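Q: Right, I'll just put the structure down here and ask away after.
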Amino acid sequence: MSSSHSIIDDIQKVRSANVNDNKSTSIMTKYEFNQIISLRITHLANGAIPFIQLPEDMKITNNMELRRLALQELREGKLPYIVKRTMPNNKIEYWKIKDMDLTAIRTLLRD
């Protein structure tokens, strides 16, 4: 079974993505959420610089702390990633994460 969602981190796609041209809903799915968070945790684990200011008392010693950091970046809309959605007619839509509605995944955003 293949997924119709994929995560892209190409800066040109981020700059050119126009929400007004999209036909699909702006609601982020749990599958997109899991892909985004796992990708960001991987980047942070490999030494990427966080997009938010870390609390002075926060020490990253395990993956759960990386997850908390990635969730906070998502909540604050700081992730520059976009979601690529392939529609049934093979048209491709790009959604900036900051333009997506997180209502459907609010229970997943808990620490």
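Under the working numbering, the first residue of the sequence shown is numbered 984, with each subsequent residue one higher. Just so it is clear, CB atoms sit at the ideal spot from N, CA and C, and this is done for glycine as well. In this text, all values refer to a predicted model and were calculated from it rather than measured experimentally.
Could you give the C-beta distance for Arg935 and Trp1078, rounded to a whole number, given that I count them as a contact under 8 angstroms?
A: The first residue shown for the chain is 984 and the last is 1094, placing residue 935 beyond what the model contains.
Q: So, do the region 1004 to 1011 and the region 1028 to 1036 have three or more beta carbon pairs nearer to each other than 8 angstroms?
A: Judged by Cβ distances under 8 angstroms, the region 1004 to 1011 makes no contact with the region 1028 to 1036, as fewer than three pairs qualify.
Q: Output yes or no for whether 8 angstroms exceeds the beta carbon distance between Leu1085 and Ala1053.
A: No, the Cβ-Cβ distance between Leu1085 and Ala1053 is not below 8 angstroms.
Q: Within 10 angstroms of the Cβ of Glu1056, are there 16 or more other Cβ atoms? Answer buried if so, exposed if not.
A: Flag for Glu1056 reads buried.
Q: Reducing DSSP to helix, strand and coil, say where Asp1084 ends up.
A: In the structure shown, Asp1084 sits in a strand (DSSP, three-state: E or B).
Q: Quick one: what does DSSP say Leu1052 is sitting in, helix, strand or coil?
A: Here Leu1052 sits in helix by DSSP.
Q: Straight-line CA distance for Ile1088 to Ile1024?
A: Whole-angstrom Cα-Cα distance: 18 angstroms.
Q: Report the three-state DSSP secondary structure of Tyr1077 (helix, strand or coil).
A: Three-state DSSP puts Tyr1077 in a strand.
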